[in-house]
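Numbering (our numbering), first residue to last: 1 to 470. In this text, a Cβ means the ideal position worked out from N, Cα and C, and glycines have one as well. Here the structure is a predicted model, which is why all the values come from computation and not from measurement.
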Amino acid sequence: MPRSRREQEIRADRADGYRQGLQSQQTHEGKARGVGWCCRRAAAHHRECSYPSHRTGPISASGLTGSEVVSPAHIALAVLAFHCAGKDKETIVEQIQGHTSAVSTFVPRSTEAINCAKIFYGGGCNYTSFLPRGCSRTRSAHPDGASSWSSNAHGNARRKSLRFVEQGADVPDELVRAVTNGDATFLCGAGVSFRVKLPSFKQLTERVYARLGEAPDDEAAEHNAIESEEYDRALRSLEKRTHRPGTPSRVREAVAQELSPPAVPFPDHLALVELSRDRDGRPRLLTTNFDTLFERAAHDAGMLNVPSYAGVSMPRAGGDRDHGILHLHGRIADATLNLGLTDLILTSADFGEAYLRSGWASRYIEDRMRLGTLVLVGYGAEDAAMRLLLETLDADRDRFRDLHDIYAFELGTPISASIWKAKGIKPIEFSSYDAIYDTLAEFARYAKQPADYRRERLGQILGTGSVGGS
C-alpha cells in the first residue's frame, strides 16, 4: 500500500539518523554525537507513533556538548533506535554501554543511563510492550538496516521473555501468557516459606526428633535414611518406634506444632495466590506444604471465600469446583480459619500409598499437566519430598504427548539446571531467594493489570511517574 509523502519523509529522516548515529564511533565527540542522533531520531519516531508525550531534553543537532546532560529517558530511546536499526540484543547492550562509558564526561548520569537501558531493553519494560497496539518490529528492505512497523495478526507486539526485576531472571513469554490467560497452575513447596522462617523438610525432620527427645543416631536405619536425605523413611521408622496403639501419632503432632503459622505478613504467599488465578479470576494454587500460610495470606488480603481442600478430598482437576488452595499432601489444622486436620503424606508409607499403590496423587498430577502449564516454586531439583512426584512427571512426559510445559523457579546451582532438564522441566534460574520472590511479586502486579503495569514502568523510565493510556 503506497505510503504518504509525510510517512516517507519520516522514514528517510529516521534512517539517516540511525545511520549517522551507528557510524559515529571513532572519537569521544563522535560517540557522543552518535548517542545524540539516535536519541533525537528515536524521539521523533516516538512522537510520530503517538507515544505519550514527554520532554526530550537539550540535545542539539550536532550532538552533545560538555554542558549538556542526557537523561535515562534519552538512553532508553537510544536503545529503541538501535533495535530499530536491526541490531540484536547483545549488540545493543554492548553499544549502549560503550557509548555511555566513552562519553562519561559528557553524561554525568551515565551509570543511571546504563541501568535504564538495561531495564528498558532486557527488563520487565521490554520495549515491545510499548509499541502502538497492533504493531510489531519487522526487518525492512532498506540497505541501512532500518526497520518498519507493521500490523501483527494477533494485535500484539511479540517478545521472547520479560525480566521483572534487575537482579532477576528472564521469564519466558509463553509462561507470561499462560499466567495472564489463567491457564497456569503453581505447585508450591517448602521453599516458599523460607523468608518467614518455616522449616524445609530436612529441618522439619530434625525438629521433630528434637521435640520428641529422640536421636536418629540411636537407630541405624534412621541414621542411614537421614544421611541419604530420605527423610520420609526416617520419619516412618520414628513413627513406628514411638507410636502407642490407641493414641495419636506423636510424630504428626510434632509436625503440626513446628508448622504453626508465625505472626508475620505473607507477601510471597499472596503473590503466588494472585498469580494462580484461573480464567474466572479465582485462585487455584496447588501445594505440597502442610501449613495454611496461603489461606492466611488470602484471608489477610480480604479474599474471604477462597476454599481449602486437601488430599483425596481435592476436587477433580478441571471440574466445576477446581479452585482454591489445594493441599496435595494434606493440611494441618488452623483454628483461626476454622480448618481441620487432614491425613498427611509424611512418611515413606504415605508416599507409597498416594503415588504407587492407590496412585491417586499420580493421577491427579497427570490430569493437572493435561489442563495447563505447571509452575514449580519452592523446590530443589533433588528435593527429597518431591522425589516420587518428579518421577511421576518424568514418566508421564514419556508416555503422553498432550502434556503442557512445566517450569521451575529455582535457586541456580552448577548442576541443578541439567537435573531439571533431564526430568523434562524448564528451569528459570535465579541467583538468590530474594530475586525469586521479588520477581514473583512484580509478576503478580503485571498479571493483575498488564496495561497499567506497562504504563507505570514506562513512566518510571521516562521520569514522569506514569504515562497515559494506550
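Which of the three DSSP states, helix, strand or coil, is assigned to Tyr379? coil
Problem - Glu366 in three-state terms, based on DSSP - result: Note: Glu366 maps to helix in three-state DSSP.
Would you kindly work out how many angstroms separate the C-alpha atoms of Phe294 and Thr336, rounded to a whole number? 13 angstroms
Original post:
Between His404 and Ser432, what straight-line distance do the alpha-carbon atoms span, to the nearest angstrom?
Top reply: 27 angstroms
Practice problem: Grab me the residues of Gln257's own chain with a C-beta within less than 8 angstroms of its C-beta, minus the 5 sequence neighbours each way, in chain order. | Solution: Arg211, listed in sequence order.
- Item | Every unbroken alpha helix (DSSP H) within the segment 222-266, with a cutoff of 4 residues, ordered by chain | Taking only runs of at least 4 residues, the alpha helix (DSSP H) segments lying wholly in the segment 222-266 are 231-242 and 250-258.
Presumed contact (8 angstroms Cβ cut-off) between Ala435 and Gln167, rounded CB distance: 5 angstroms
**C-beta atoms of Tyr309 and Ile325 nearer than 9 angstroms** = For Tyr309 and Ile325, yes; Cβs fall inside 9 angstroms.
**Report entry** Exposure label - Leu304; buried when at least 16 CB within 10 Å
**Finding:** exposed
Is the CB-CB distance between Tyr446 and Leu162 below 9 angstroms?
yes
- Name the DSSP bridge partner or partners of Lys202? For Lys202, which the question treats as bridged, DSSP gives no partner whatsoever.
| Which stretch, first to last residue, makes up the alpha helix (DSSP H) that contains Glu391? | Arg387 to Arg399
Q: Using beta-carbon positions only, say whether Ala184 and Leu390 come within less than 9 angstroms of one another.
A: no
Starting from the Cα of Arg368, find the closest Cα among Arg399, Thr347 and Asp322 and give me that residue.
Asp322
>> Could you give the first and the last residue of the continuous beta strand (DSSP E) run that contains Ile325?
In response: Taken as a continuous stretch (DSSP letters only), the beta strand (DSSP E) holding Ile325 covers Gly324 to His327.
_Three Cβ pairs or more, each shorter than 8 angstroms: is that satisfied between the segment 176-193 and the segment 274-291?_
yes
With a CB to CB cut of under 6 angstroms and the five nearest residues on each side skipped, what residues in its chain are close to Ala298? Val273 and Val306
Using the beta-carbon count (16 or more within 10 Å), is Asp291 buried or exposed?
-> The residue is buried, with at least 16 neighbouring Cβ atoms inside 10 Å.
Roughly how many whole angstroms lie between the Cα atoms of Thr242 and Pro450? 54 angstroms
TODO: For Val171, write down the residues that DSSP places opposite it in a beta bridge.
DONE: Leu162
Exercise. On the three-state DSSP scale, how would you describe Glu219?
Worked result: coil
Who pairs with Pro427 in a beta bridge, going by DSSP? Ala408
Residue of Pro262, Leu285 and Arg370 minimising C-alpha distance to Phe400
Arg370
- Thinking Leu376 and Ile406 are a contact (beta carbons under 8 angstroms), I'd like their distance in whole angstroms, please. 7 angstroms
**Report entry** Closest Cα partner of Lys448 within the set Gly359, Leu270, Ala221 and Asp398
**Finding:** The residue among Gly359, Leu270, Ala221 and Asp398 with its C-alpha nearest the C-alpha of Lys448 is Leu270.
task = Determine the DSSP secondary structure at Leu275, reduced to helix, strand or coil.
result = helix
* Asked: Can you tell me the Cα-Cα spacing of Phe266 and Pro199, whole angstroms?
  -> 15 angstroms
Original post:
What number of angstroms, rounded off, separates the C-alpha of Val255 from the C-alpha of Thr205?
Top reply: Their Cα atoms are separated by approximately 8 angstroms.
Problem - For Thr288: DSSP bridge partner residues - result: Thr288 pairs with nothing; no bridge assigned.
*Under three-state DSSP, which class holds Ala451?*
helix
- Message: Just verifying my parser: in three-state terms, what is the DSSP assignment at Ser432?
- Response: coil
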